[in-house]
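One point on numbering: in UniProt numbering, the residue at position 282 of the sequence shown is 282, and numbering is uninterrupted. Below you'll find the structure, written out as structure tokens, and then a few comments.
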Amino acid sequence: MKITFSNNPKKTEKEVLFVSVEPKNTDEIVKENGVKTLYLKCDEKDKMNLRKLFLLVRKMVILAKGVKAEKIAFDFNDFKFAKIKLSDEELGEIIGTQFDFANYEFVEYKTPTKEGFNFIKEVMILGANKEIQKAILKGHTIAGEVNKTRTLSNIPGGDMTPQILARKAKEAVKGLSVKVTVLGEKEMERQNMRAILSVGRGSDEESKFIIMEYKGGKKNDKPIILVGKGVTFDTGGINLKPSNSLLGMNMDMSGGASVIHTLALVAKMKLKKNVIGLIPSVENMASGKSYRPGDIVRSMSGKTIEILNTDAEGRVILADALTYAEKYNPEVVIDIATLTGAAIVALGERASAIFTDDDKLAKDFEEVGEKTGEYVWRLPMWEEYENEIKGSLGDWTNIHNKDSRYGGAIYAAIFLHQFIKGHKWVHLDIAPRMTSMAGENLAGGALGTPVRLLYKFIEEY
């Protein structure tokens with residue numbers, strides 16, 4: 001999509017749809033003297049808040065696409081609301097991000113009609129000075145990587161294997177200052193990454209461990225490490241998922257996809273930080289070679305994992321990745337995973353679950369979530385919860401040791417914590433935000449969570 005800036009719109013341009021933000025009872029398009037204007041329904045200006053602003057910007061795009069407009073124009077100042085305390089640059093970044101966010105649709109597997117696919121091709125923004133223009137273009141860049149994350153996550157499982165994901169990681173940072181190293185199964189065996197290897201054993205596809213290194217900070221600066229779950233398809237393994245739960249499991253690598261494109265975004269924006277991405281990537285398949293319920297796996301850390309359910313595989317592969325992260329002497333480690341349905345049960349579909357034993361980190365993420373629209377809600381991880389994952393034959397069980405159906409997201413986080421104690425650490429269970437939901441003014445499918453959250457956290461940390 002092309003973005004242009006002007007202070008003198010040509011009202012005679014009949015192909016342009018002009019947008020006006022005024023308090024109205026309905027959204028409507030008015031045609032006067034050959035010029036079409038879309039009037040957006042919104043709350044009275046004193047009732048607007050940041051969350052509603054995100055939706056309003058997206059609605060502008062959705063309605064314009066609904067009337068097959070290809071070029072729209074709007075005044076930047078129309079989106080200023082006194083109650084929303086933002087600088088012009090902050091507002092510009094939001095507009096630039098949300099506009100592209102709403103313009104996205106996954107069409108790679110669709111046959112185009114004669115008219116082609118329905119996208120906004122150009123947007124003209126009025127009343128934006130150079131600093132605002134810069135901020136809008138920054139938002140445009142952010143949204144570009146978010147949308148690439150969505151595409152990567154949306155690709156069907158038959159066309160997305162650990163090897164392909166590793167190749168996509170290299171393609172994502174081509175020409176950028178990011179070093180990508182991919183470990184195969186032989187290299188992982190030498191690293192004693194038997195937790196990852198055990199989960200991937202049931203698949204004919206070779207498991208991979210993807211390492212992405214961006215060093216924009218000083219040589220001795222401790223890195224921020226992002227660890228993303230990269231299960232390219234999850235059948236549940238021997239504990240096979242029910243049929244209706246298998247659809248969408250191509251997106252079980254969404255955490256890994258978000259790490260790939262966060263690294264690309266950090267490099268594009270040339271942040272003066274050291275950032276490392278680690279992505280353990282496997283297929284969890286049911287076969288004669290699959291790891292079994294009752295198996296005891298010795299992880300890279302030396303701790304053993306008693307497998308009570310093969311469908312709790314994400315935390316098993318992340319255990320090795322978190323241990324590997326310790327090699328970097330990290331400043332903070334953040335793992336991102338579509339980890340549990342229990343997080344969806346707890347929170348619905350409007351926020352990711354966040355776990356950490358660091359109150360300041362929790363507060364930082366909550367504040368950044370509000371700024372970016374990628375909301376998080378903290379759940380407890382008290383030490384007492386460890387009793388329910390202590391093994392009888394191994395050190396730790398990969399689910400509640402009494403197979404309880406309660407608190408699944410918490411026990412997953414408590415399990416992960418055993419492999420990263422002693423470091424600043426945050427766990428993001430993004431299962432609730434894996435896909436969009438009705439009313440968000442977004443296309444169906446993957447959301448690209450939490451690229452915006454991670455980028456803003458790294459930028460401000």
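From the three backbone atoms N, C-alpha and C, an ideal C-beta is built for every residue, glycine too. Note that this is a predicted model, so its numbers are computed, not measured.
Subject >> With 16 other Cβ atoms within 10 Å as the buried cut-off, status of E189 >> reply: Only exposed fits E189, as fewer than 16 other CB atoms lie within 10 angstroms of its CB.
Original post:
How would you label W382, buried or exposed, when you count the other beta carbons within 10 angstroms and need 16 or more for buried?
Top reply: exposed
Subject >> For R350, the nearest candidate out of I279, E370, A362 (CA to CA) >> reply: For the residues I279, E370, A362, the minimum Cα distance to R350 belongs to E370.
Subject >> As assigned by DSSP and simplified to three states, the class of V316 >> reply: helix
**OP:** Would you mind stating whether K289 and R201 have Cβ atoms separated by less than 8 Å?
**Re:** Cβ distance < 8 Å, so K289 and R201 count as in contact.
Original post:
Using the C-alpha atoms, what's the distance from A346 back to S207?
Top reply: 32 Å
Original post:
Would you report the Cα separation of I225 and H423, rounded to the nearest angstrom?
Top reply: 11 Å
Subject >> Residue nearest to L126 in terms of C-alpha spacing, selected from N192, F101, G92 >> reply: Looking at N192, F101, G92, the one whose alpha-carbon comes closest to that of L126 is G92.
Subject >> DSSP bridge partner residues for H427 (one or two, in chain order) >> reply: D335, F355
Subject >> Residue from H417, V30, D78, L197 whose Cα sits closest to the Cα of K45 >> reply: Scanning H417, V30, D78, L197 for the CA closest to the CA of K45 turns up D78.
Original post:
Can A413 and M251 be called in contact, C-beta distance under 8 Å?
Top reply: no
Original post:
Taking C-alpha atoms, which residue in K130, K114, A102, L137 lies nearest to I120?
Top reply: A102
**OP:** Measure from the alpha carbon of A443 to the alpha carbon of each residue in D221, R58, V199, T181, then state which is nearest.
**Re:** R58
Subject >> Inter-residue spacing [alpha-carbon to alpha-carbon] between S245 and D311 >> reply: 12 Å
Original post:
Taking the C-alpha atoms as reference points, what is the distance between I336 and Q133?
Top reply: 32 Å
**OP:** Any chance you could list the beta strand (DSSP E) runs of at least 3 consecutive residues sitting entirely within the region 212–263, in chain order?
**Re:** Correct list: 224–228, 230–234.
Original post:
For L393, does the count of other Cβ atoms within 10 angstroms reach 16, so buried, or fall short, so exposed?
Top reply: exposed
**OP:** Would you be able to state if there are at least three C-beta pairs under 8 Å between the region 27–46 and the region 153–167?
**Re:** no
Subject >> Buried versus exposed, by CB contacts within 10 Å (16 or more), G407 >> reply: Taking a 10 Å sphere around the C-beta of G407, we find 16 or more other C-beta atoms and assign the residue as buried.
**OP:** Please confirm whether V180 and A325 have their CB atoms less than 8 Å apart.
**Re:** Their beta carbons are not under 8 Å apart, which means V180 does not touch A325 by this criterion.
**OP:** For N7, count neighbouring Cβ atoms within 10 angstroms of its own Cβ and tell me buried if that reaches 16, exposed if not.
**Re:** exposed
Subject >> Closer than 7 Å: S352 CB and nearest the ligand ATP heavy atom >> reply: In the structure on display, the ligand ATP does not appear, and there are no ligands present to speak of.
**OP:** Pull up the DSSP beta-bridge partners for V297, would you.
**Re:** I305
**OP:** Would you kindly report the start and end of the unbroken beta strand (DSSP E) that includes P450?
**Re:** Here P450 belongs to no beta strand (DSSP E), and DSSP marks it neither H nor E.
Original post:
Looking only at its own chain, which residues have a Cβ that is under 7 Å from the Cβ of K456, when we skip the five neighbours before and after it?
Top reply: Hits under 7 Å: V368, K371, T372.
Original post:
My guess is that L318 and L176 are in contact by the Cβ rule of under 8 Å, so how many angstroms apart are they, rounded?
Top reply: Not confirmed; about 26 Å, so no contact.
Subject >> H400 to I196 span [Cα, whole Å] >> reply: Straight-line Cα distance between these residues: approximately 20 Å.
Original post:
Hey, G216 and K170: beta-carbon distance below 8 Å or not?
Top reply: Not a contact, by the Cβ cut-off of 8 Å.
Subject >> Residues bridged to T179 [DSSP beta-bridge criterion] >> reply: A small correction: the amino acid at residue 179 is Lys; Thr does not occupy that position in the sequence shown. In DSSP, K179 forms a bridge with E213.
Original post:
Run through DSSP, which three-state label would E15 get?
Top reply: coil
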